[in-house]
Amino acid sequence: MQSLSVKAPGRINLIGEHTDYNGGFVMPAAIQMAATVHLEKRTDREIHLFAEDLQESYTFNVETISKSYTEWANYIIGVIAQFQKLVTIPTGFHLRLKSNVPIGAGLSSSAAIECAVAVAINELFAFGIDRMQLTKMAQKAEHEYAGVQCGIMDQFASMFGKKDQVILLDCQSMHYQYYPLVLEDYDIVLIDTQIKHALASSEYNTRRKECELGILQIQKTYASVQSLREITMAMLNECIDQTAMPLVYKRCKYVIEEIERTQAAAIDLQENQLAAFGQKMFATHDGLSALYEVSCAELDFLVKEVKHNPNVIGARMMGGGFGGCTINLIKKEATASVVQKLVASYQNTYQKTLVHYIVSIEDGAGLFPSVSI
Numbered sequence: 015m016q017s018l019s020v021k022a023p024g025r026i027n028l029i030g031e032h033t034d035y036n037g038g039f040v041m042p043a044a045i046q047m048a049a050t051v052h053l054e055k056r057t058d059r060e061i062h063l064f065a066e067d068l069q070e071s072y073t074f075n076v077e078t079i080s081k082s083y084t085e086w087a088n089y090i091i092g093v094i095a096q097f098q099k100l101v102t103i104p105t106g107f108h109l110r111l112k113s114n115v116p117i118g119a120g121l122s123s124s125a126a127i128e129c130a131v132a133v134a135i136n137e138l139f140a141f142g143i144d145r146m147q148l149t150k151m152a153q154k155a156e157h158e159y160a161g162v163q164c165g166i167m168d169q170f171a172s173m174f175g176k177k178d179q180v181i182l183l184d185c186q187s188m189h190y191q192y193y194p195l196v197l198e199d200y201d202i203v204l205i206d207t208q209i210k211h212a213l214a215s216s217e218y219n220t221r222r223k224e225c226e227l228g229i230l231q232i233q234k235t236y237a238s239v240q241s242l243r244e245i246t247m248a249m250l251n252e253c254i255d256q257t258a259m260p261l262v263y264k265r266c267k268y269v270i271e272e273i274e275r276t277q278a279a280a281i282d283l284q285e286n287q288l289a290a291f292g293q294k295m296f297a298t299h300d301g302l303s304a305l306y307e308v309s310c311a312e313l314d315f316l317v318k319e320v321k322h323n324p325n326v327i328g329a330r331m332m333g334g335g336f337g338g339c340t341i342n343l344i345k346k347e348a349t350a351s352v353v354q355k356l357v358a359s360y361q362n363t364y365q366k367t368l369v370h371y372i373v374s375i376e377d378g379a380g381l382f383p384s385v386s387i
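Throughout the sequence shown, residue numbering follows this note's numbering, covering 15 to 387 in sequence.
Now the structure itself:
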């Protein structure tokens, strides 16, 4: 095989936010928006990258892999570097990238690229690396080359997504289970604030450190504890003084509650209790805003605007925070009117035009034989 194309989707996360790097549960799904890469072998050792959407190229030698000042290239270079740790890439290749996953909207555009590249290289050179390992390699690429210490959820959803199903993923054991998402009369609607505050990445890493501080404090009493997944509220109250460590306490409290909420939400789906599921989404937003403090005025505004609308049974901010999208469950017949009202009120308040996406749940990364990019 001398060339091939691979498509890997972006993802939404229904519930379970900022729990993945704390050993908790998440509930993502792959969506129709995706990154597509086309690979073609070369006869030399050069790797030629071309980003169609940006009309930019980047070239380097497979023997001299290093971080680039070209930001988009690092997502690809990072994945190639992971392969180089395990195997020998025998030749260079051309790689063309195209993506319709919105950047900065919290839909994991970077994970889509990383997963598409990982599957494509694995297939092109027949390395035979299993999908779970490829997922971890894509995650490491994000850590080492993009500088974001993300959990496993984004890459996992892009790799393991299934059409019309969500994944309940245990980020500690990596056990996962699919649940059919029976939406019937509801749309999944993403409302994009069209903003991304500059502190998003730095604050993400800060939240991780605050959670780690919480674990260190709890380990003074419970030495065997390895993650917030193992902590109860009783243990938290016993070990962390709210007055002495108020931020650490709030971060841990949110994570403990969200892990419990996500497990309960899976039962709601199992019993087809979509309204109960939606109420948990609202509760998650409240926790992300007040306890984890990763929301922002624009996100809070959008959730508040729909909270008492009978046509909206659930809404919350989604992703790392400080901008991006809210995810909403809206009655199909009311979607247009709900969005229209939000657009008007948001424009009036923030002088910005909202963008919205109605998403469908699709399969994860795979070969895409008829692609032309």
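For every residue, glycine included, the Cβ atom is placed at its ideal position computed from N, Cα and C.
Please list, in chain order, all residues of the same chain as residue i whose beta carbon is under 6 angstroms from its beta carbon, the five residues on each side excluded.
i, result
"Val133", "Val20, Ala379"
"Gln293", "none"
"Val357", "Leu368"
"Ser374", "Gln46"
So if DSSP puts residue i in a beta bridge, which residue, or which two residues, is it bridged to?
i, result
"Gln191", "Leu182"
"Asn27", "Pro42"
"Arg145", "The partner list for Arg145 (beta bridge, DSSP) is empty, contrary to what the question assumes."
"Val369", "Asp206"
"Arg330", "Ile341"
"Ala48", "Pro23"
"Ala65", "Glu70, Leu111"
"Glu60", "Asn75"
Between residue i and residue j, how many whole angstroms is the CB-CB distance? I'm expecting something under 8 angstroms.
i, j, result
"Tyr263", "Ile254", "5 angstroms"
"Arg145", "Met173", "6 angstroms"
"Asn114", "Ala48", "7 angstroms"
"Leu182", "Ala280", "5 angstroms"
Of all the options the options, which has the alpha carbon lying nearest to the alpha carbon of residue i?
i, options, result
"Gln98", "Ser122, Ser123, Ala152", "Ala152"
"Ile29", "Leu283, Gln361, Ile245, Leu250", "Leu283"
"Asp377", "Ala140, Tyr35, Pro42, Lys55", "Pro42"
"Ser122", "Glu156, Gln240, Ile270, Cys225", "Glu156"
"Gln163", "His322, Thr220, Asp184, Tyr193", "Thr220"
"Leu138", "Leu109, Gly165, Ser359, Ala237", "Leu109"
"Val101", "Gln191, Glu85, Val76, Gln231", "Val76"
"Ala125", "Thr105, Lys154, Phe141, Glu226", "Lys154"
"Leu305", "Val93, Cys225, Asp58, Glu70", "Cys225"
"Tyr218", "Ile245, Gly161, Gln233", "Gly161"
Determine the contact status of residue i and residue j, defining contact as a CB-CB distance below 8 angstroms.
i, j, result
"Thr207", "Leu343", "no"
"Ile327", "Ile202", "no"
"Thr276", "Val51", "no"
"Tyr35", "Tyr89", "no"
"Ile26", "Met332", "yes"
"Gln179", "Leu195", "yes"
"Phe291", "Ala329", "no"
"Thr73", "Ile61", "yes"
"Tyr364", "Glu307", "no"
Skipping 5 residues on each side, what residues in its chain have a beta carbon closer than 8 angstroms to that of residue i?
i, result
"Lys210", "Gly118, Phe336, Gly337, Gly338"
"Tyr83", "none"
"Val385", "At Val385, the pLDDT of 42 sits below 50, so the modelled position is not reliable; the number obtained from the coordinates is stated separately. Taken in chain order, the residues that qualify are Ser19, Lys21, Thr50, His52."
"Tyr200", "Leu288, Ile327, Leu343, Ile344, Lys345, Lys346"
Below 7 angstroms CB to CB, which residues in the same chain sit around residue i once its five sequence neighbours on both sides are set aside?
i, result
"His370", "Val203, Leu204, Ile205, Asp206, Val353"
"Tyr236", "Met249"
"Phe382", "Ser19, Val20, Lys21, Thr50"
"Phe141", "Val101"
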